[in-house]
Amino acid sequence: MSVLAVGTVAYDTISTPNKFQKNILGGSAAFFSIACSKFSKVSLMAVVGEDFYQKDTNLLEQNNIDLSGFETIQGETFKWSGEYFGKNLKDRKTIKTQLNVLSKFNPILSKKHKKSNYLFLANMSPETQLSVLKQFDSRPNLVVMDTMNFWIENNYYSLLKMINTTDVILVDTGEAMQITSEKNIKDAGEKLLQLGPSIVIIKEGELGSTVFSKEFTFSVPAFKVPEVIDPTGAGDSFAGGLLGYLSQTKSTYSQNTLKEALKYATILGSFAVESFSVNQLAKINLNEIKLRINNL
4 MSVLAVGTVA YDTISTPNKF QKNILGGSAA FFSIACSKFS KVSLMAVVGE DFYQKDTNLL
64 EQNNIDLSGF ETIQGETFKW SGEYFGKNLK DRKTIKTQLN VLSKFNPILS KKHKKSNYLF
124 LANMSPETQL SVLKQFDSRP NLVVMDTMNF WIENNYYSLL KMINTTDVIL VDTGEAMQIT
184 SEKNIKDAGE KLLQLGPSIV IIKEGELGST VFSKEFTFSV PAFKVPEVID PTGAGDSFAG
244 GLLGYLSQTK STYSQNTLKE ALKYATILGS FAVESFSVNQ LAKINLNEIK LRINNL
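Laid out in C-alpha cells, this is it:
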C-alpha cells in the first residue's frame, strides 16, 4: 500500500553539549520518509532551494523514496537551528527558523499522488496541510498529521481546523500542552480528542508515548539507547515507523494493532537519535529493527 508524505526537507544546525553540526540534512518529511521506506513504498513531496546538495538527493533516492513530487525552486532551503541540553538532551531551544522557499510551497498532487492510501502531513503550515487533503478525490485510508511550536504560535486557528480534519495527530508533550493550555498529559490528550481526531499520540521522549482514543488509552515505553547524539528527527522517524507498519497491516486500527505499530514507531525513533541527521536511520534494515522490537 502506498504512503504519501508531504512536508519539509531542511538543513538543520544543531548544537549539543558535545558537538556542533551546521546545515545537515533534516526536515520532518525526510526523516519520516526514510523511516517509512523500511516497510512501504513512500512518495515524498517537498520543496528545497538551489543550495540543496545532490548528495542529499541521492541519499533519498538510495532509500527507494519516490521523488516525483520533490521540487527545487529559486532561493534557499528551509533552515532550522536549535540547541539541546539537559539529561539525554531532552530539553530543546529553537534558535532560529528560516522558512525560505517553504513560504512558497504550494504542493499540487499528481494523479498518482491522489491514489495514495495513506497520507502523512508532516511539519508545515496548517493551511498547506488542509490544501493537500482537499485535493484528494476520495479520502485516504488514514490521515496522520504532525506540527510544531512555530505553527502553534503563529497559525493557531488554522491549526485547529486541521486537527479537526485529521484521523491521527502526533505531538510531543510540550506541543500537546501548548495547543490545549492543559498542564498534564492526560488532560491534554483528552482535550485534543475533543478537537476532532480519532487518535491522539503524545510523544514523551525517554518516557515513551501515550495513545488516546475514545475507546482506549495506553502507553508504550521508550527504547533506551546507550547514548543520545541528536534527538531532532526522533518524532518524525517515530511517525514513519507508525504509518509504515500500519500500511502493511491492512486492518482496522484496533488497540492491539496500534500497540504493535507503536513498538515499531518507538524503535525507528530510537535509531534516529543515535546520530546527527538521518545517518543512522538510513543504514538500518528490517532485521535490525525487529531485533530491537524483541528487546523492547
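At position 169 of the sequence shown the residue is numbered 172 (the working numbering), and the sequence of numbers has no breaks.
C-beta: ideal position from N, C-alpha, C; glycine also.
By the neighbour-count criterion, in which a residue is buried when 16 or more other Cβ atoms sit within 10 angstroms of its Cβ, Ser43 is buried.
For Leu249 and Thr131, the gap between their C-alpha atoms comes out near 24 Å. In the three-state reduction of the DSSP assignment, Met165 falls in the helix class. Between Val171 and Pro200, the C-beta spacing is below 8 Å.
Residues Asn66, Asn67 and Ile68 of the same chain have their beta carbon placed closer than 6 Å to that of Ser40, with the five preceding and five following residues left out of the count. Distance check between Thr176 and each of Thr11, Asn91 and Leu210 places Leu210 closest, using alpha-carbon atoms only. Here Phe219 is exposed: its Cβ has fewer than 16 other Cβ atoms, across all protein chains shown, within 10 Å.
Looking at the DSSP output, Leu122 sits in a beta bridge with Leu7 and Val146. DSSP, reduced to helix, strand and coil, places Asn26 within a strand of the structure shown.
Contact between Val51 and Thr16 is absent: CB atoms are separated by about 16 Å, not below the 8 Å threshold. Between Phe81 and Ala242, the C-beta spacing is not below 8 Å.
Closest by C-alpha distance to Phe23, out of Ser84, Glu79, Asp54 and Gly247, is Ser84.
Judged by pairs of C-beta atoms under 8 Å, the stretch 276-291 touches the stretch 223-242, as three or more such pairs exist. Under the 10 Å beta carbon count, Asn126 is surrounded by 16 or more other beta carbons and is classified as buried. DSSP, reduced to helix, strand and coil, places Ala33 within a helical segment of the structure shown. Under DSSP, Tyr14 takes part in a beta bridge, and its partners are Leu28 and Lys82. As computed with DSSP, Tyr87 is found in a beta bridge with Arg95. Scanning Ser71, Glu79, Ala38 and Leu47 for the CA closest to the CA of Tyr56 turns up Glu79.
Rounded to the nearest whole angstrom, the C-alpha separation of Ile155 and Gln138 is 24 Å. Take the alpha-carbon of Asn91 and the one of Glu230: they are about 8 Å apart. Setting aside the 5 residues that flank it on each side, Lys194 is surrounded in the same chain by Thr183 and Glu185, each with a C-beta closer than 7 Å to its C-beta; the list follows chain order. Your pair Pro110 and Met180 does not check out as a contact, with CB atoms roughly 30 Å apart and the cut at 8 Å. Here DSSP, grouped into helix, strand and coil, assigns Ser212 to strand. The three-state secondary structure of Phe221, taken from DSSP, is strand.
Selection Met148, Val223, Glu178 and Asn158 evaluated against Ile166 yields Met148 as nearest (Cα-Cα). Shortest Cα-Cα distance from Pro224 to any of Phe123, Gln251 and Ala268 involves Ala268. Out of Gln77, Gly244, Tyr87 and Thr19, the CA that lies nearest to the CA of Lys107 is found in Gln77. Beta-carbon to beta-carbon, Phe221 and Lys266 are separated by about 12 Å, too far to satisfy the 8 Å threshold.
When secondary structure is reduced to three states using DSSP, Gln138 falls in the coil class, being assigned neither helix nor strand.
In the structure shown, Gly72 adopts extended strand secondary structure according to DSSP, grouped into three states.
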